[in-house]
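All residue numbers for the sequence shown refer to my numbering, where the first residue is 48 and numbers rise by one.
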Amino acid sequence: MRYSVFRILEQGLTGNRGWKPVWREPDPKPEYDILVIGGGGHGLSTAYYLATVHGQTNVAVLEKGWLGSGNVGRNTTIIRSNYLLPGNQPFYEFSMQLWEGLEQELNFNAMISQRGIINLFHSDAQRDAAVRRGNAMVLSGADAVILDQDVLRKKCPFLDFDNARFPVLGGLWQPRGGTARHDAVAWGYARGADRRGVDILQNCEVIGFDIRNGACHGVATTRGAIRAKKVAVCVAGSSGQVMELAGLRLPIESHVLQAFVSEGLKPVIPGVITYGAGHFYISQSDKGGLVFGGDIDGYNTYAQRGNLPVVENVCEGGMALMPMIGRARLLRMWGGVVDMSMDGSAFIDRTLIDGLFFNGGWCYGGFKATPASGYCYAHLIATGASHPVAAEMRLDRFASGALVDERGAGAQPNLH
Ligand SMILES: Cc1cc2nc3c(=O)[nH]c(=O)nc-3n(C[C@H](O)[C@H](O)[C@H](O)COP(=O)(O)OP(=O)(O)OC[C@H]3O[C@@H](n4cnc5c(N)ncnc54)[C@H](O)[C@@H]3O)c2cc1C
């Protein structure tokens, strides 16, 4: 069923009784060409591009819960392509370009809003780093503008310019950055994949792999065994647990990241703003809630809830940057388990087991990667070769030393 203004009118005039379910609920078949494990944004976009770009429709997405129950429905919705390194920036700019045409392509409203992102700087050294990053962005085809303090004062008069411990000197602005409605992205990709024949199997947890003679032939699930020629794992915060079922250890730790939403306020935040002297970022949802977050909780966990020290730390960051936030009431907060890699960058790669592929290590920033991650993973699964923009996202980079360490923090996942 295509959505359009005429469809809304037609349905409105006929009692809204003709809307169809957004995707089917099929029973698992005994065998598929490709199984994608994980019905988050990345798994669903992988299935979508397998079908649309590579004509692979004998595909199933296996999701242990319901679509959107993982990080795709828990994140703070920021999309951007403002990385520095050649292993990352072209990939994220490719993702941004896919975002820009996504709603038309999917015929689904994902509330993509390119209202801009500003990374603030607070010292001369940070300004230099911002200029360098901006140049790297421009070289990859992205947009980047350095804002001085006067311009910033007009754009964001509520920032603490004059009395702050870390004075705001300016910012690196990416006007094309912004936000997207996170779970609508999952629903849009699910609908697009389903329409092309992909089976989306909810409440279907993978509990084992059928690995014989160094090759993967399928999986065991809570809904029975399913055979497949190729199996593609894409389970974000559960990466370590799932790959352990295949006997593989990953250069990834799982940590919890929390998100916070205030009561609804009149529009005040012009886009996304990130604090350069602490870890705090903020935007405002269409309903008016201030949506913000900060550091991960610094210990390993699979629990989808965080603890109070980080709540305090995030709120302190907000108060230091924009004291007016102290007047807003916190409405809700939650946690999601993020797959932190040792250098802070992701993996889209095959494994040592034939027919078994792995996508993960997205840390706290994989939502913006959703379109390109699915596109490049589908490319690898279908063609056997890495997509050029994802060529450095390899599992063997720790053996070869070719790390993609944006932050320069070393092998310290809780610092990336
Ligand atoms: C609080 C928070 C804020 C964030 N903010 C941002 C942001 O602003 N911008 C940004 O770019 N990124 C952000 N991220 C990161 C981003 O959300 C993730 O990197 C991204 O969503 C991960 O990919 P996914 O959508 O496929 O993950 P998920 O939605 O977690 O999908 C993985 C799926 O695998 C399923 N699964 C697990 N085990 C099994 C199994 N055994 N069998 C079957 N299925 C299984 C899970 O149920 C889950 O649905 C944030 C994350 C959090 C937690």
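The beta-carbon is built from N, C-alpha and C at its ideal position, and this holds for glycine as well.
*Option nearest Arg200 by Cα separation, candidates Pro317, Arg352, His302, Pro133*: The count along the sequence shown starts at 1 and reaches residue 200 at position 153. Among Pro317, Arg352, His302, Pro133, the Cα nearest to that of Arg200 is on Pro317.
*When DSSP labels each residue in this structure, what does Ser286 get in the three-state scheme?*
Numbered from 1 along the sequence shown, position 239 holds the residue referred to as residue 286. Assignment of Ser286 by DSSP, reduced to helix, strand and coil, places it in the helix class.
*Regarding Glu252 and ligand 1, is the C-beta to nearest heavy atom distance less than 8 Å?*
Stepping through the sequence shown from its first residue, residue 252 is reached at position 205. True, at least one ligand heavy atom lies under 8 Å from that Cβ.
*Between the region 147-165 and the region 275-294, are three or more C-beta pairs nearer than 8 Å?*
Because the criterion of three Cβ pairs below 8 Å is not met, the region 147-165 and the region 275-294 do not touch.
*Does the beta carbon of Ala367 fall short of 8 Å from some heavy atom of ligand 1?*
Against the sequence shown, residue 367 aligns to sequence position 320. No, the beta carbon of Ala367 sits no closer than 8 Å to any heavy atom of ligand 1.
*On the premise that Ala189 lies in contact with Leu219, defined as a C-beta separation below 8 Å, what is that separation, rounded to the nearest angstrom?*
Indexing the sequence shown from 1 puts residue 219 at position 172. Indexing the sequence shown from 1 puts residue 189 at position 142. Incorrect: roughly 11 Å between the Cβ atoms, too far for contact.
*When burial is assigned at 16 or more other CB atoms within 10 Å of the CB, is Lys67 buried or exposed?*
Translated into positions along the sequence shown, residue 67 becomes position 20. By the 10 Å Cβ count, Lys67 comes out exposed.
*Through-space distance from Tyr50 to Arg444, alpha-carbon basis*: Here residue 444 refers to the residue found at position 397 when the sequence shown is read from its first residue. Here residue 50 refers to the residue found at position 3 when the sequence shown is read from its first residue. Annotation: Arg444 to Tyr50 spans about 44 Å, alpha carbon to alpha carbon.
*Going by Cα to Cα distance, which pick from Val303, Thr348, Ser286, Gly261 is closest to Leu297?*
For the purposes of this step, residue 297 is taken as residue 250 along the sequence shown, with counting starting at 1. It is Ser286.
*Can you tell me the Cα-Cα spacing of Asp241 and Glu359, whole angstroms?*
Counting from one through the sequence shown, the residue named residue 241 turns up at place 194. Counting from one through the sequence shown, the residue named residue 359 turns up at place 312. Distance between Asp241 and Glu359, taken at the CA atoms: about 43 Å.
_Minimum length 4: unbroken alpha helix (DSSP H) runs contained in the region 68-121_ = Qualifying alpha helix (DSSP H) stretches, in chain order: 88-101.
*Return the first residue and the last residue of the alpha helix (DSSP H) that Asp197 is part of.*
If you number the sequence shown from 1, residue 197 lands on position 150. Start and end: 196-202.
*So, helix, strand or coil for Ser420, using DSSP?*
Here residue 420 refers to the residue found at position 373 of the sequence shown. The answer is helix: DSSP assigns Ser420 an H, G or I state.
*Does DSSP classify Ala272 as helix, strand or coil?*
By one-based count along the sequence shown, residue 272 stands at place 225. Looking at Ala272 - three-state DSSP - the assignment turns out to be strand.
_Any contact between the region 344-358 and the region 321-329? By contact I mean 3 or more CB pairs, one from each, below 8 Å._
With a cut-off of 8 Å, the region 321-329 and the region 344-358 do not count as touching, because too few Cβ pairs lie within range.
*Whose C-alpha, out of Gln151, Met143, Met48, is nearest the C-alpha of Gln221?*
Within the sequence shown, numbered from 1, the residue matching residue 221 stands at position 174. That would be Met143, whose Cα lies nearest to the Cα of Gln221.
*Output the residue ranges of the beta strand (DSSP E) runs that lie fully inside the region 300-354 and measure 3 residues or longer, sorted by chain position.*
Those beta strand (DSSP E) runs which fall completely within the region 300-354 and span 3+ residues are 319-322, 327-331, 336-347.
*Evaluate Lys76 with the Cβ neighbour count: other Cβ atoms within 10 Å of its Cβ, from every protein chain shown; 16 or more gives buried, anything less gives exposed.*
The residue labelled residue 76 in the question sits at position 29 within the sequence shown. Exposed.
*asked:* Would you say the beta carbon of Glu340 is closer than 8 Å to some non-hydrogen atom of ligand 1?
replied: The residue you call residue 340 lines up with position 293 of the sequence shown. The residue asked about is misnamed: residue 340 is Gly in this sequence, not Glu. Gly340 has its CB nearer than 8 Å to a heavy atom of ligand 1.
*Quick one: is Glu453 buried, meaning 16 or more other Cβ sit within 10 Å of its Cβ, or exposed?*
Here residue 453 refers to the residue found at position 406 when the sequence shown is read from its first residue. Label assigned to Glu453: buried.
*If you count every other CB in all the chains shown that lies within 10 Å of the CB of Asp171, and 16 or more means buried, which is it?*
What you label residue 171 is simply residue 124 of the sequence shown in a count that begins at 1. Exposure of Asp171 is indicated by the presence of fewer than 16 other C-beta atoms within 10 angstroms of its C-beta.
*asked:* I need the DSSP call for Cys263, collapsed to helix, strand or coil.
replied: As a first step, residue 263 must be located in the sequence shown, where it is residue number 216. Here Cys263 sits in strand by DSSP.
*Exposed or buried, Phe394, counting other C-beta atoms within 10 Å across all chains shown (16 or more means buried)?*
As a position in the sequence shown, residue 394 is number 347, starting the count at 1. So Phe394 ends up on the buried side.
_ligand 1 and Glu110: does any heavy atom of the ligand fall closer than 8 Å to the residue's C-beta?_
Taking the first residue of the sequence shown as 1, we reach residue 110 at position 63. For ligand 1, at least one heavy atom lies less than 8 Å from the Cβ of Glu110.
*Does DSSP classify Ala227 as helix, strand or coil?*
Position 180 of the sequence shown, counted from the start, is the residue given in the question as residue 227. It is coil, neither helix nor strand.
*Where are the alpha helix (DSSP H) runs, 4 residues long or more, that stay fully inside the region 167-195, in chain order?*
Here the runs fully enclosed are 171-186.
_Between Ser330 and Val319, how many whole angstroms is the CB-CB distance? I'm expecting something under 8 Å._
In the sequence shown, residue 330 corresponds to position 283, counting from 1. In the sequence shown, residue 319 corresponds to position 272, counting from 1. Contact holds; Cβ gap of about 4 Å.
*Three-state secondary structure assigned by DSSP to Ile164*: Here residue 164 refers to the residue found at position 117 when the sequence shown is read from its first residue. Strand.
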